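For this note's numbering, add 18 to where a residue sits in the sequence shown, where the first one is 1. Heads up, the beta-carbon is just placed ideally off N, CA and C, and yes, glycines get one too. Nothing here was measured: the structure is a model prediction, and the numbers come from that model.
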Amino acid sequence: RDGVWIVEAARLLIGTAGGEEFLFRGFLLALWAGTGTSTGVILSANMLSFGLWHLAGARKNGRLIWGEVLGPGVFAVVFLAARLAFDSLLFPWLLHAAINLPGLALDLKKPPEEVHALEPGSRGADRADVEERSPRRSR
19 RDGVWIVEAA RLLIGTAGGE EFLFRGFLLA LWAGTGTSTG VILSANMLSF
69 GLWHLAGARK NGRLIWGEVL GPGVFAVVFL AARLAFDSLL FPWLLHAAIN
119 LPGLALDLKK PPEEVHALEP GSRGADRADV EERSPRRSR
């Protein structure tokens with residue numbers, strides 16, 4: 019599983035943490051700041067949009083786990099503060115990756131089918147959603 023660890027860590031560092039920081043603390047922050055919007059509104063918009071971004075992955079076994087939406091919303095404040103303090107995306111990107119790494123380590127201890135079964139768009143998620151909505155057949 020060492021190869022999986024390297025691939026998943028790279029995906030997390032570049033794709034997840036890097037991509038999200040570029041989008042939320044790079045592109046959207048510049049867009050909102052360019053409109054003359056107040057700092058409070060920008061902070062609120064960043065928190066709300068980042069929290070809602072995580073809504074798709076916050077469903078486990080057919081239930082919405084609100085902590086997986088609210089937690090990222092709160093962390094948006096930390097990432098935004100780091101972005102503004104250092105005037106760079108590098109520090110919030112590395113901070114974001116460091117916060118996500120323990121979750122990756124826990125996921126890699128689980129069987130692969132359990133880790134990916136409920137990801138949006140996966141066959142496991144489709145199967146779980148169908149099974150949840152389908153009436154049970156009696157035997």
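Non-local C-beta neighbours of R101 in its own chain, meaning closer than 6 Å and more than five positions away in sequence, comprise R43, P110, ordered along the chain. By the Cβ rule, the region 51-58 does not count as touching the region 71-91, because fewer than three pairs are nearer than 8 Å.
The shortest C-alpha to C-alpha distance from L31 to any of A48, D105, N118, H72 is the one to N118.
In the structure shown, L73 adopts coil according to DSSP, grouped into three states. Residue pairing by DSSP places K127 opposite no residue, since no beta bridge is assigned to it. For W84, no alpha helix (DSSP H) encloses it, and the DSSP letter there is neither H nor E.
With 16 or more other Cβ atoms inside 10 Å of its own Cβ, A35 counts as buried. The Cβ-Cβ distance between L61 and V95 falls below 8 Å. The C-beta distance from E39 to L107 rounds to 5 Å, short enough to meet the 8 Å contact threshold.
Comparing C-alpha distances from L70 to each of A48, P90, R81 shows the shortest one belongs to P90.
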